[in-house]
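K.L.:
I'd like to ask you about the structure that follows.
Residue numbers (this note's numbering): 3 to 93.
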């Protein structure tokens with residue numbers, strides 16, 4: 003799930019996943035962090051989900067995926083679109 007909070011020149015996008023699906027650590031990786039695992043790792047929230055917030059430039063499109071333990075890559079069902087094998091979001 004994606005949550006968006008607009009600001010003047012950027013959008014704060016929060017990437018949200020359930021606490022245990024998939025199990026273990028999960029990072030969001032994409033063109034906004036040069037596809038580097040571990041840069042944006044999801045952490046537990048009070049509501050029981052895991053999340054990480056990334057500030058992105060407004061009025062752009064970004065490709066991303068999630069990377070879980072065991073080299074398990076997956077997409078966000080709530081993304082705006084698909085870009086080949088990747089999820090796509092528009093800010």
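C-beta atoms are modelled at their ideal positions from N, C-alpha and C, and glycine is treated no differently.
1. Taking buried to mean at least 16 other C-beta atoms within 10 Å of its own C-beta, is residue 9 buried or exposed?
2. From residue 42 to residue 57, what does the alpha carbon distance come to, in whole angstroms?
3. When the Cα of residue 25 is compared with those of 5, 68, 63, 6, which residue comes out closest?
4. What does the alpha-carbon distance come out to for the pair residue 32 and residue 81?
5. Quick check on the DSSP output: the beta strand (DSSP E) that includes residue 10 runs from which residue to which?
P.N.:
The answer reads as follows:
1. Under the 10 Å beta carbon count, residue 9 is surrounded by fewer than 16 other beta carbons and is classified as exposed.
2. Rounded to whole angstroms, residue 42 to residue 57 spans 11 Å at the Cα level.
3. Of the candidates 5, 68, 63, 6, the residue whose Cα lies closest to the Cα of residue 25 is 68.
4. Answer to the nearest angstrom: the Cα atoms are 13 Å apart.
5. If you look at residue 10, you'll find it isn't in any beta strand (DSSP E); DSSP assigns it neither H nor E.
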